[in-house]
Ligand code: A3P
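Numbering (the numbering used here), first residue to last: 1 to 296.
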């Protein structure tokens, strides 16, 4: 039987040095690895489901000096090229970045060891957002369910194993976060936490503003806090993915802007899973000084 167009959207996964990626990304690997970063690039780096869209909107609002209309010039996926994105015949993330005038804001989910090398030599800025592993895992599960590009995650219990074994697309949360954390002082990296952004958005937005070399007054900052709240971004068609066809993201299964909270993991983890996860976390993150807040 011929595949329906909906089924044919689904990617196959492939690995590069043990990191699971979409096959289209792997097939485009030489273009990605030879990408030329520039000193005035700002690269937004996250493990999937850590608040990428949120920090993108914050960065754009700061860049546009709080001008909401300018931020509505395009959907968020088009404003910041996604370096490793490949989905032929669409232009790749690298194609889009190459066309973009400087100063560029770019996005990646790549772990440090897979980042195009020119980023390390260009002396550009990196903005990393980390989210606690349990909430990240839950958010990714629901994203897997609604995304028609990603493989079926199976039941929560099945997906739990895939995640802790680092076999989800973009690889292990543990490796990703630990490695970006370890190198944070060696490059121009602003390392933020999703949980801090929830607790005190204005304070974290101020840090981003300073890092970007901008100086906005209090009223503009307050406006950015308001416009980038979960509620506002959920109703904003430029950030809520409502323009993405249902055959790619089925938001009737789970909305892209789902809950936006800290601690939703408690509604998913069984007591046994929680104990097991804590033991695995301890082992995989041993020796790192990173500290996450698990509830507000
Ligand atoms: P949940 O699934 O827990 O709701 P990414 O953009 O990296 O894919 O991350 C998506 C997650 O960030 C989703 O988490 C989404 O709801 C949350 N998110 C997006 N915008 C947010 C905002 N303004 N405030 C808080 N959380 C936000």
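The beta carbon of each residue, even a glycine, is placed where N, CA and C say it ideally should be.
C-beta contact flag for residue i and residue j at 8 Å
{"i": "residue 44", "j": "residue 56", "result": "yes"}
{"i": "residue 160", "j": "residue 140", "result": "no"}
{"i": "residue 298", "j": "residue 92", "result": "Here the chain has residues from 1 to 296 only, and residue 298 is not among them."}
{"i": "residue 281", "j": "residue 130", "result": "no"}
{"i": "residue 149", "j": "residue 288", "result": "no"}
{"i": "residue 296", "j": "residue 271", "result": "no"}
{"i": "residue 192", "j": "residue 65", "result": "no"}
{"i": "residue 54", "j": "residue 233", "result": "yes"}
{"i": "residue 24", "j": "residue 88", "result": "yes"}
{"i": "residue 38", "j": "residue 26", "result": "no"}
Cα-Cα separation, residue i to residue j
{"i": "residue 279", "j": "residue 189", "result": "29 Å"}
{"i": "residue 128", "j": "residue 46", "result": "6 Å"}
{"i": "residue 125", "j": "residue 63", "result": "14 Å"}
{"i": "residue 264", "j": "residue 135", "result": "6 Å"}
{"i": "residue 220", "j": "residue 285", "result": "39 Å"}
{"i": "residue 61", "j": "residue 194", "result": "18 Å"}
{"i": "residue 240", "j": "residue 230", "result": "10 Å"}
{"i": "residue 34", "j": "residue 116", "result": "6 Å"}
{"i": "residue 253", "j": "residue 142", "result": "8 Å"}
{"i": "residue 205", "j": "residue 154", "result": "37 Å"}
{"i": "residue 255", "j": "residue 222", "result": "27 Å"}
{"i": "residue 290", "j": "residue 181", "result": "7 Å"}
{"i": "residue 196", "j": "residue 266", "result": "19 Å"}
{"i": "residue 156", "j": "residue 269", "result": "9 Å"}
{"i": "residue 40", "j": "residue 214", "result": "14 Å"}
{"i": "residue 22", "j": "residue 78", "result": "19 Å"}
{"i": "residue 158", "j": "residue 175", "result": "21 Å"}
{"i": "residue 259", "j": "residue 137", "result": "14 Å"}
{"i": "residue 173", "j": "residue 48", "result": "9 Å"}
{"i": "residue 51", "j": "residue 67", "result": "21 Å"}
{"i": "residue 235", "j": "residue 226", "result": "13 Å"}
Expected contact under 8 Å - CB spacing of residue i and residue j to nearest Å
{"i": "residue 171", "j": "residue 20", "result": "6 Å"}
{"i": "residue 28", "j": "residue 97", "result": "Wrong, their Cβ atoms sit about 13 Å apart, outside the cutoff."}
{"i": "residue 118", "j": "residue 36", "result": "5 Å"}
{"i": "residue 146", "j": "residue 257", "result": "12 Å between Cβ atoms; not a contact."}
{"i": "residue 224", "j": "residue 58", "result": "7 Å"}
{"i": "residue 105", "j": "residue 42", "result": "5 Å"}
{"i": "residue 237", "j": "residue 243", "result": "6 Å"}
Those residues which DSSP pairs with residue i across a bridge
{"i": "residue 128", "result": "45, 191"}
{"i": "residue 23", "result": "Residue 23 pairs with nothing; no bridge assigned."}
{"i": "residue 108", "result": "45"}
{"i": "residue 14", "result": "21"}
{"i": "residue 147", "result": "249"}
{"i": "residue 353", "result": "With the chain represented from 1 up to 296, any question about residue 353 goes unanswered, as that position is not in the structure."}
Next on the checklist: Tell me whether the segment 106 to 126 and the segment 82 to 90 touch, counting them as touching only if at least three CB pairs, one residue from each stretch, are closer than 8 Å.
Outcome noted: Yes, since at least three Cβ pairs between the segment 106 to 126 and the segment 82 to 90 fall closer than 8 Å, the two stretches touch.
Next on the checklist: Within 8 Å, do at least three Cβ pairs link the segment 198 to 208 to the segment 150 to 170?
Outcome noted: With contact defined as three or more Cβ pairs closer than 8 Å, the segment 150 to 170 and the segment 198 to 208 are not in contact.
Checklist entry - Should the segment 267 to 286 be regarded as contacting the segment 238 to 252, the criterion being three or more beta carbon pairs within less than 8 Å? => result No contact exists between the segment 267 to 286 and the segment 238 to 252.
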